[in-house]
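Working notes, structure below.
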Amino acid sequence: MIAGDGIGTDVTAEAVKVLDAAAERWDLPLELVHFPWSADHYLETGVSLPDGALEDLTENFSAVFVGAFGDPRVPDMKHAADILLGMRFKLDLYINFRPIRLYDQRLCPLRNKTVDDIDFVVFRENTEGAYVGAGGNLKKGTPDEVAIQEEIYTFKGVERIIRAAFEYAVSHDKTKVCMADKSNVMRYGHDLWQRCFAAVAAEYPQIEASHLFVDALTMQMVRKPEIFEVIVTTNMFGDIVTDLGAALQGGLGVAASANLHPGRLSLFEPVHGSAPKYTGSGKANPMGALLSVALLLENLGHETAAMAVEDAVKMALRDGVTTFDLGGRHTTSEVGDFVASSVAGQPVGAA
Ligand code: NAD
Ligand code: IPM
Ligand code: MN
16 MIAGDGIGTD VTAEAVKVLD AAAERWDLPL ELVHFPWSAD HYLETGVSLP
66 DGALEDLTEN FSAVFVGAFG DPRVPDMKHA ADILLGMRFK LDLYINFRPI
116 RLYDQRLCPL RNKTVDDIDF VVFRENTEGA YVGAGGNLKK GTPDEVAIQE
166 EIYTFKGVER IIRAAFEYAV SHDKTKVCMA DKSNVMRYGH DLWQRCFAAV
216 AAEYPQIEAS HLFVDALTMQ MVRKPEIFEV IVTTNMFGDI VTDLGAALQG
266 GLGVAASANL HPGRLSLFEP VHGSAPKYTG SGKANPMGAL LSVALLLENL
316 GHETAAMAVE DAVKMALRDG VTTFDLGGRH TTSEVGDFVA SSVAGQPVGA
366 A
């Protein structure tokens, strides 16, 4: 468990309650280890991600759960780059899996759309693109400054995320995969995406493969979200469109994600950031974190427990046990307690 910064600490406390409840009910051999890696820790010690941390995680852990990073005292996000992007890149977690699911009709911001219309997944590439940190400055701080920020794509990196999207479609009875890029402008990197997509799609004739430029994708996500089943896109576009997707589900407070490399240690985290202004206020919605716990349990093969967590979140939504972002009057820990009790099999009353 790496709670991180801001509301990362608030929502992770609820994730712990729910994991404990699931472990108790289904007798799962759960051992939680908390790591203090955060802005506080970085400012106190100068250490962001300690030496040997990734080796320790890989050798001794089954999964990693992360709250959020981001603190105004670290404006360059150095600690987050080292810890979060460090884990995504160095553990080679090439799939950032972000489900966009409307769990309750009342959360839908779109007119005339239902829970059946908003139900798709985004496969965000997670180890390349604009996130590699390649580039530099010349004459920094002068009127002649030049800033270069490069996107890097590799055949291997693009091919494997596209293949992961098709494999998911096949194994989850989906019929469509849509790839989004900006290959009309990015004539090198995104042209590679085009060619990889065509090559991989040809191997899956039973799956309908389509393409949208990312600008058109954002429009269709709002106009006709029902046309999507599986979307695959670049690291940066995936970051952007999944915040839009979160809005379709009811907001950042409910969006969950998994950073995966099949067969290896994986990392689970809510999509939202550290929302510093809500730290410790009881206003943070823990549902994105709790649905990420469900993804974690599912990934470790505990499907029944995963479904129980998801169902408990749905029940909280149905009963109005929600934080203020969803129009509710409950605190972070009240929502977590409700979900944990339900997962534990205890009767939960409508509040
Ligand atoms: P944010 O996700 O922290 O918050 C944006 C807004 O969304 C908040 O002001 C709030 O209104 C709402 N919100 C987000 N999560 C919520 C929750 N659980 N409950 C209720 N409302 C919620 O994004 P930001 O303000 O752009 O960024 C704040 C900091 O977080 C920055 O430092 C940013 O870099 C960082 N960040 C980190 C992650 C991550 O760790 N994965 C993700 C996004 C942003
Ligand atoms: C996310 C966040 C991160 C990203 C930031 C905090 C580096 O926005 O997980 O969506 O851009 O990937
Ligand atoms: Mn983001």
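For what it's worth, our numbering labels the leading residue of the sequence shown as 16, then goes sequentially.
Where is the CB? At the ideal position from N, CA and C, for every residue including glycine.
Bear in mind the structure is a predicted one, so any value in this text is a computation, not a measurement.
Tell me residue 227's beta-bridge partners as DSSP assigns them.
Residue 227 is bridged by DSSP to 195.
For residue 58: DSSP bridge partner residues:
Beta-bridge partners of residue 58 (DSSP): none assigned.
Less than 7 Å between the CB of residue 286 and some heavy atom of the ligand IPM, yes or no?
The closest heavy atom of the ligand IPM lies less than 7 Å from the beta carbon of residue 286.
Beta-carbon contacts of residue 315 that lie in its chain and below 8 Å, excluding the five residues immediately before and after
Excluding residues within five positions, the ones whose Cβ falls inside 8 Å are 77, 78.
Tell me whether residue 107, by its Cβ, gets closer than 7 Å to a heavy atom of the ligand MG.
The ligand MG is not among the ligands present in this structure, which contains only the ligand NAD, the ligand IPM and the ligand MN.
Any heavy atom of the ligand MN closer than 7 Å to the CB of residue 258?
Result yes, Cβ under 7 Å from the ligand MN.
If we call anything under 8 Å between Cβ atoms a contact, is residue 167 one with residue 260?
No, these two residues do not count as a Cβ contact at 8 Å.
Assuming residue 228 and residue 199 make a contact with CB atoms under 8 Å, what is their CB distance in whole Å?
Contact holds; Cβ gap of about 6 Å.
Return the CA-CA distance between residue 34 and residue 308, expressed in angstroms with no decimal places.
In this model, residue 34 and residue 308 are separated by some 7 Å (Cα to Cα).
Among 146, 117, 85, which has the Cα closest to the Cα of residue 105?
Of the listed residues, the one whose Cα sits closest to residue 105 is 146.
Identity of the residue in 345, 271, 52, 291 nearest residue 283 by Cα
Cα-wise, what sits closest to residue 283 is 271.
Work out the CA separation of residue 135 and residue 107 for me, nearest whole Å.
Distance between the alpha carbons of residue 107 and residue 135 is about 24 Å.
Here's the rule: buried if 16 or more other CB atoms are within 10 angstroms of the residue's CB, otherwise exposed. What is residue 203?
So residue 203 counts as exposed.
Alpha carbon of residue 42 to alpha carbon of residue 262, nearest angstrom:
When rounded, the separation of the alpha-carbon atoms in residue 42 and residue 262 is 36 Å.
Does the segment 274-294 touch the segment 67-86, meaning 3 or more C-beta pairs lie closer than 8 Å?
Yes, since at least three Cβ pairs between the segment 67-86 and the segment 274-294 fall closer than 8 Å, the two stretches touch.
Quickly, what does DSSP pair residue 78 with across the bridge? List them, please.
Bridge partners of residue 78 according to DSSP: 281.
Euclidean distance between Cα positions of residue 331 and residue 25:
Spanning the two alpha carbons is a distance of roughly 18 Å.
Check each candidate in 126, 113, 57, 120 and name the one with the smallest Cα separation from residue 96.
Nearest C-alpha to residue 96: 57.
In terms of residue numbering, what span does the alpha helix (DSSP H) encompassing residue 186 cover?
Taken as a continuous stretch (DSSP letters only), the alpha helix (DSSP H) holding residue 186 covers 170-186.
Applying the 10 Å Cβ sphere with the 16-neighbour rule, what's the burial state of residue 66?
Residue 66 should be labelled exposed.
Neighbour-count burial assignment, residue 19, 16 or more Cβ in a 10 Å radius:
So residue 19 ends up on the buried side.
So, using beta-carbon positions, are residue 39 and residue 348 closer together than 8 Å?
No, they are not a contact pair.
Using the Cα positions of residue 246 and residue 50, report the straight-line distance between them to the nearest angstrom.
Taking the straight line from one Cα to the other gives about 33 Å.
Is residue 254 near the ligand MN, with its Cβ less than 7 Å from a heavy atom?
Checking every heavy atom of the ligand MN against the Cβ of residue 254, one is found closer than 7 Å.
For the alpha helix (DSSP H) containing residue 24, name the first residue and the last one.
Unbroken alpha helix (DSSP H) run through residue 24: 22-41.
Count the other CB atoms within 10 Å of the CB of residue 361; is the residue buried (16 or more) or exposed (fewer)?
Of the other Cβ atoms in all chains shown, fewer than 16 fall within 10 Å of the Cβ of residue 361; this residue is therefore exposed.
Is it buried or exposed, residue 185, if we count other Cβ atoms within 10 angstroms and call 16 or more buried?
By the C-beta density criterion, residue 185 is exposed, having fewer than 16 other C-beta atoms within 10 angstroms.
Tell me where the alpha helix (DSSP H) around residue 209 begins and ends.
In the DSSP assignment, residue 209 falls within the unbroken alpha helix (DSSP H) covering 204-217.
Limits of the beta strand (DSSP E) - the one that residue 18 falls within:
For residue 18, the enclosing beta strand (DSSP E) starts and ends at 17-19.
Roughly how many angstroms lie between the CA atoms of residue 279 and residue 73, to the nearest whole one?
Looking at the two C-alpha atoms, the distance is approximately 8 Å.
For residue 238, does the count of other Cβ atoms within 10 angstroms reach 16, so buried, or fall short, so exposed?
Taking every protein chain shown into account, the CB of residue 238 has fewer than 16 other CB atoms within 10 angstroms, so this residue is exposed.
Is residue 343 close to the ligand NAD? I mean its beta-carbon at under 7 Å from any heavy atom of the ligand.
No; taking the cut-off as 7 Å, the Cβ of residue 343 has no heavy atom of the ligand NAD nearer than that.
Leaving aside the five residues before and after residue 358 along the sequence, list all residues of the same chain whose C-beta is less than 7 Å from its C-beta, in chain order.
Only 33, 36, 37, 40, 323, 324, 327 meet the Cβ criterion.
Boundaries (first-last residue) of the beta strand (DSSP E) holding residue 140:
Segment 134-140, the beta strand (DSSP E) holding residue 140.
Among residues of its own chain, excluding the 5 on either side of residue 172, which ones have a beta-carbon nearer than 8 Å to its beta-carbon?
Hits under 8 Å: 109, 140, 142, 143.
Please return the same chain residues whose Cβ sits closer than 7 Å to the Cβ of residue 101, not counting the five positions on each side in sequence.
When the five nearest sequence neighbours on each side are left out, the beta carbons in the same chain lying within less than 7 Å of the beta carbon of residue 101 are those of 64, in order along the chain.
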